[in-house]
Structures are given as C-alpha cells and as structure tokens.
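These notes concern the structure reproduced below.
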Amino acid sequence: MDKKIAAIYIRVSTDAQREEGYSIDAQKEALAAYCVAKGIKNYDFYIDGGFTGSNIERPEMQRLIGDIKNGLIDCVLVYKLDRLSRSQKDTLYLIEDVFNPYGVAFMSLNENMDTSTPHGRAMLGILSAFAQLERENIRERTRMGMKERVKSGLWMGGGRIPYGYDYDKEQGILVPNEEAENVRKMYDLYLEGTSFSGIARIMGMKYDRQVMMILARKSNAGYIVYNDEEYKGQHEALISLETYQRTMDMMQERSVVRETSGNYLFTGLIHCGKCTAKMRYQKWNKKSGECKIICYSHDKNKPHLIKDPNCDNTRQWAADVEDAVIKDLFSFSVKLTDSTETKSSDLSVTEILSRQYDDISRKIKRLYNLYSEDSDELLLETIEEQRKKLADIQRQIEIERERSAVSDKIERVKKSLTTLKETWEFMTADEKKNLIRSCVEKVVITGDNVEVYYKFGNLT
Numbered sequence: 084m085d086k087k088i089a090a091i092y093i094r095v096s097t098d099a100q101r102e103e104g105y106s107i108d109a110q111k112e113a114l115a116a117y118c119v120a121k122g123i124k125n126y127d128f129y130i131d132g133g134f135t136g137s138n139i140e141r142p143e144m145q146r147l148i149g150d151i152k153n154g155l156i157d158c159v160l161v162y163k164l165d166r167l168s169r170s171q172k173d174t175l176y177l178i179e180d181v182f183n184p185y186g187v188a189f190m191s192l193n194e195n196m197d198t199s200t201p202h203g204r205a206m207l208g209i210l211s212a213f214a215q216l217e218r219e220n221i222r223e224r225t226r227m228g229m230k231e232r233v234k235s236g237l238w239m240g241g242g243r244i245p246y247g248y249d250y251d252k253e254q255g256i257l258v259p260n261e262e263a264e265n266v267r268k269m270y271d272l273y274l275e276g277t278s279f280s281g282i283a284r285i286m287g288m289k290y291d292r293q294v295m296m297i298l299a300r301k302s303n304a305g306y307i308v309y310n311d312e313e314y315k316g317q318h319e320a321l322i323s324l325e326t327y328q329r330t331m332d333m334m335q336e337r338s339v340v341r342e343t344s345g346n347y348l349f350t351g352l353i354h355c356g357k358c359t360a361k362m363r364y365q366k367w368n369k370k371s372g373e374c375k376i377i378c379y380s381h382d383k384n385k386p387h388l389i390k391d392p393n394c395d396n397t398r399q400w401a402a403d404v405e406d407a408v409i410k411d412l413f414s415f416s417v418k419l420t421d422s423t424e425t426k427s428s429d430l431s432v433t434e435i436l437s438r439q440y441d442d443i444s445r446k447i448k449r450l451y452n453l454y455s456e457d458s459d460e461l462l463l464e465t466i467e468e469q470r471k472k473l474a475d476i477q478r479q480i481e482i483e484r485e486r487s488a489v490s491d492k493i494e495r496v497k498k499s500l501t502t503l504k505e506t507w508e509f510m511t512a513d514e515k516k517n518l519i520r521s522c523v524e525k526v527v528i529t530g531d532n533v534e535v536y537y538k539f540g541n542l543t
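Residue numbers (the working numbering): 84 to 543.
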C-alpha cells in the first residue's frame with residue numbers, strides 16, 4: 084500500500100458543515116490518520132465544499148473521475164458512504180463504471196468497507212440503498228412539513244412573495260403592503276373590459292404577462308395553492324373569492340376570443356341569412372386592405388362548411404357591415420341607460436338554502452349519535468330521508484349559483500354597454516372584440532339587411 088496513490092474525497096453540504104464530525108477539517112484529520120495507519124504515504128485531497136450529494140455534478144468529483152481515467156489513482160477513501168453520494172444510482176455508477184474498470188479500490192472509514200474484498204462489494208450495495216432511503220425520507224419529511232404548514236394557513240416561506248404583499252416571518256403569513264390597492268384596481272379594470280396590455284400601461288408595468296400572472300394568483304383571494312391543492316390562508320384577502328372567480332371566467336372567455344377572432348371584429352359571429360352557413364372576411368383590395376364578407380357556401384376549399392352550394396347571398400363590404408352592427412350596438416346601449424330593472428337578490432336565496440343545508444347536516448349528526456347509543460332501525464330510515472333532503476338542497480344551491488353567475492355576467496355586460504358610445508374610440512382592438520363577444524350572439528346578413536342577435540335574451 085505504501086506505493087499507491089490515494090484520493091481522499093471530502094464533501095460537505097451547507098447544513099452538514101454545522102454538524103459535528105462532518106466539517107472539512109474533521110474529515111481531513113480522520114482520513115489522513117487512516118492513511119498513516121495503513122502505510123499510505125502518497126495521497127491527495129479532493130474537497131467539494133457546500134455541494135449536495137444528490138448528484139455527482141461537483142467540481143472536485145469531476146476532477147477525481149478524470150484523474151482515475153488518466154490512471155493516476157489507485158484507491159479512493161471517504162469518511163462515510165454518503166459523502167461520496169446520497170444517490171444509489173450514482174454510487175453504483177462510480178463503483179461499477181469508474182472505480183472497478185480502472186482497478187481503483189474504494190474504502191469508507193465509517194462503514195469499514197473495502198471494495199477490494201467480496202464482502203466489501205456486497206456491503207456496498209446494501210449501504211448505498213440505505214443512503215438513498217435516508218435521502219428520500221428527509222425529502223418526504225420536508226414535503227409533509229410544508230404541507231402541514233400551508234394546511235394551517237401559513238405561507239410557504241420568504242421566496243416569491245406575491246405582488247401586493249410582504250412576508251411577516253414572525254407570524255408566517257402574508258401582509259398587504261402599499262401595492263395592495265394597485266392589485267384591487269387591476270381586477271376592477273379587467274372586469275370593466277380593459278386588456279392586459281391596457282392595464283400594464285395604466286399601472287406602469289413593462290409586460291402584460293405580469294398583469295395576467297398577478298390576476299391569476301388565488302392568494303389575492305385569501306388562499307394558498309401548494310402542489311395543485313388549495314388551502315384557506317390566514318392572510319388578509321385583497322379581493323373577494325367572487326371577484327377572483329369572475330376574473331377567471333372572463334379570462335377563459337377572452338382566451339376563446341383570441342383563438343377564434345383573428346384580426347377582425349366579427350370573425351366567427353357572422354352567419355348567412357339564406358343558407359345559415361357561417362360567413363368570413365375576404366381581402367378584396369390588396370392595396371387598401373379592404374375586405375368583403377362572403378358566405379362559406381361559396382368556398383369550395385372548405386366543403387365541410389358548405390350548407391347550400393347554390394346560395395345566392397350577396398357579398399357585402401366588411402366596413403359597411405361593421406358600421407351597421409356598431410350603430411345597432413350603440414343604439415342598444417342607449418336603451419340600457421334608461422333601464423330601471425334591478426338585479427334580483429339571488430344571493431339571498433343561496434343563503435337561505437345554505438342555512439337549510441347546515442340545519443339538516445346538524446340534524447343528521449344528532450341522529451347518528453342517537454343511533455350509536457340505540458341501534459333503532461327507525462332512526463336509520465329517518466337518517467336516509469334527511470340525507471335525500473340534503474342532496475336535493477345541494478342541487479338547488481348549485482342551480483342558484485349558476486343562475487347567479489349568469490345574472491352577474493348580464494350585469495357586467497350592461498355596465499360596459501351603458502358607457503359604450505363614450506369609450507368606444509379609446510378602446511383597443513382586443514377590448515372591442517371582448518366586449519362584442521360578451522353580448523353579441525350572432526350577426527345575420529341577408530342581402531343588404533344586417534340583423535344583430537344579443538346574448539341572454541332581452542337585456543333591458
């Protein structure tokens with residue numbers, strides 16, 4: 084052994100540096116003493132300080148592998164097996180694909196292992212498996228601890244604090260800061276029909292994607308999302324859950340608009356009044372960019388859209404059709420200004436049903452308690468009856484919530500339309516398309532006649 088070149092490999096992670104016996108100096112002292120005891124005079128240190136053992140992408144580990152392949156190393160010594168690696172796959176790779184092919188023995192001081200012997204090689208597989216098991220247990224405990232933390236409503240930690248909040252380390256929760264009012268304003272602007280880019284402009288932000296990401300955070304409504312699961316947070320909400328859900332619904336609607344609307348205001352909404360086929364924009368003058376609206380029944384390239392190959396509906400200038408629809412839209416918005424209809428109190432109906440649901444739930448709980456004391460078959464029948472009532476009330480609650488959501492949507496459309504004439508010229512193309520699709524069901528062209536059909540029936 085006195086003529087062999089030994090590579091003493093030492094690794095410490097950030098946490099391990101604080102653990103007794105794992106510091107660089109402690110490992111160097113113990114391994115150097117081992118070399119003296121074994122008569123190994125020539126050795127060199129390979130030290131990776133502050134590197135994880137989950138992979139072998141470490142500077143000194145890579146230098147060690149290179150020296151082994153260059154025939155400079157006869158044996159590798161470590162203080163403990165997990166100093167080499169905490170991954171079973173990486174440990175076996177180093178032994179089987181790096182050390183053994185080049186005739187390099189491996190020794191671990193703590194486990195008293197020497198792979199130059201059959202017993203040592205057998206022990207290696209067992210110990211490396213336990214090293215990986217320990218690493219996976221640590222990771223699992225960390226994940227479980229984090230899950231319990233967020234389940235209790237505490238924030239995940241100091242990183243990636245949502246815009247509009249600061250992180251209070253002592254309480255472990257998010258706290259609204261001076262930007263919180265900006266967040267509320269962004270939701271108001273978006274629900275009024277302003278685009279992401281428009282909000283970014285107003286709020287002095289560089290990217291519209293930043294606006295989208297802020298609006299999509301459910302933490303603004305008082306929730307914490309962790310590993311795709313939602314938990315009620317202890318932090319103060321900047322907006323109501325209803326406002327957040329309305330925003331998400333509108334994002335979904337607008338994403339559909341972006342996918343189908345192209346560069347034209349009424350793409351996908353125009354239908355032929357003679358054969359019922361859809362109609363499309365077609366460039367008619369390349370220099371001026373003018374377009375006409377033509378029936379798909381005239382388009383032989385798309386036979387699946389043809390309703391009547393003999394349709395004789397005329398082609399209309401797109402600008403004339405758009406002007407007619409916008410004029411009708413303005414007229415419709417004026418009618419809404421004088422509308423005196425008030426929104427029905429859907430929420431109160433939902434509240435009443437929710438109270439009934441809670442009352443029956445408490446009653447069922449009491450019945451189960453009675454049944455546990457006296458197994459009476461009549462009690463089971465009563466419990467089953469109450470459970471059926473509970474299921475029926477739950478269905479009614481869902482129906483009322485859906486009806487309320489539709490009603491809210493109608494009110495938002497009304498609010499946008501009542502100021503439409505004054506704001507139209509200041510709106511972006513996307514904002515115009517979003518508004519049109521929120522209230523227009525379809526536009527039907529029959530010859531020179533243009534009819535506009537609105538969603539939700541008669542809004543007035």
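Note that beta-carbon positions come from the ideal geometry of N, C-alpha and C, so glycine has one too.
- Here the segment 382-400 makes no contact with the segment 470-477; the two share fewer than three CB pairs at distances below 8 Å.
- Counting along the chain, the unbroken alpha helix (DSSP H) around Ser280 starts and ends at Phe279 to Met286.
- Note on Phe509: under 16 other CB atoms within 10 angstroms of its CB, so exposed under the neighbour-count rule.
- Exposure of Arg449 is indicated by the presence of fewer than 16 other C-beta atoms within 10 angstroms of its C-beta.
- Rounded to whole angstroms, the Cβ separation of Val408 and Val526 is 6 Å, and the two are in contact under 8 Å.
- According to the DSSP assignment, Leu321 belongs to no alpha helix (DSSP H), since it is labelled neither H nor E.
- For Arg166, the uninterrupted alpha helix (DSSP H) segment begins and ends at Leu164 to Leu167.
- Shortest Cα-Cα distance from Leu164 to any of Leu462, Gly203, Ile151 and Gln145 involves Gly203.
- Burial check for Glu194: the Cβ neighbour count within 10 Å reaches 16 or more, so the residue is buried.
- Inter-residue distance for Ala304 and Asp127 is about 59 Å (C-alpha atoms, whole angstroms).
- Per the coordinates, the alpha-carbon of Glu336 lies some 8 Å from the alpha-carbon of Asn517.
- Per DSSP, Asn310 lies in no beta strand (DSSP E) and is assigned neither H nor E.
- Contact between Asp180 and Met190 does not hold, since the beta-carbon distance rounds to 18 Å and is not under 8 Å.
- The beta carbon of Leu272 is closer than 8 Å to those of Gly281, Ile282 and Ile285 in its chain, skipping five residues each way along the sequence.
- Rounded to the nearest angstrom, the Cβ distance from Asp157 to Ile88 is 5 Å, consistent with a contact under 8 Å.
- Per DSSP, the unbroken alpha helix (DSSP H) holding Asp108 starts and ends at Ile107 to Lys121.
- Boundaries of the alpha helix (DSSP H) harbouring Gln145: Pro142 to Lys152, taken from the DSSP string.
- When Cβ pairs closer than 8 Å are counted between the two stretches, the segment 320-335 is seen not to touch the segment 232-242, the count staying below three.
- Boundaries of the beta strand (DSSP E) around Ile256: Ile256 to Pro259.
- A contact is defined here as three or more CB-CB pairs under 8 Å, and the segment 396-413 meets this definition with respect to the segment 348-359.
- Three or more Cβ pairs closer than 8 Å define a contact, and the segment 111-129 falls short of that threshold against the segment 170-178.
- Our two residues, Ile244 and Glu275, have alpha carbons roughly 27 Å apart in a direct line.
- The C-alpha of Met144 lies about 9 Å from the C-alpha of Leu167.
- Nearest C-alpha to Val95 among Phe349, Ser302 and Tyr162: Tyr162.
- Around the C-beta of Glu434, fewer than 16 other C-beta atoms lie within 10 Å, and the residue is accordingly described as exposed.
- Looking at the DSSP output, Glu534 shares a beta bridge with Val527.
- Less than 8 Å separates the beta-carbon of Thr330 from that of Leu298.
- In the DSSP assignment, Asn517 falls within the unbroken alpha helix (DSSP H) covering Ala512 to Cys522.
- Residue burial annotation: Met362 is buried, with at least 16 other C-beta atoms found within 10 angstroms of its C-beta.
- For Pro259 and Arg267, the gap between their C-alpha atoms comes out near 11 Å.
- The beta carbon of Met269 sits closer than 8 Å to the beta carbons of Ile282, Met286, Val294, Ile297 and Leu298 from its chain, once the five residues preceding and following it are set aside; these are given in chain order.
- Cβ-Cβ separation between Gly154 and Tyr185: approximately 7 Å, consistent with a contact (criterion under 8 Å).
- Between the C-alpha atoms of Tyr440 and Tyr454 there is a straight-line separation of about 21 Å.
- Ranking Ser137, Val404, Glu373 and Thr359 by CA distance to the CA of Glu219 puts Ser137 first.
- Straight-line spacing of the CA atoms in His318 and Glu140 works out to 40 Å.
- Going by C-alpha positions, Cys374 is about 12 Å away from Leu348.
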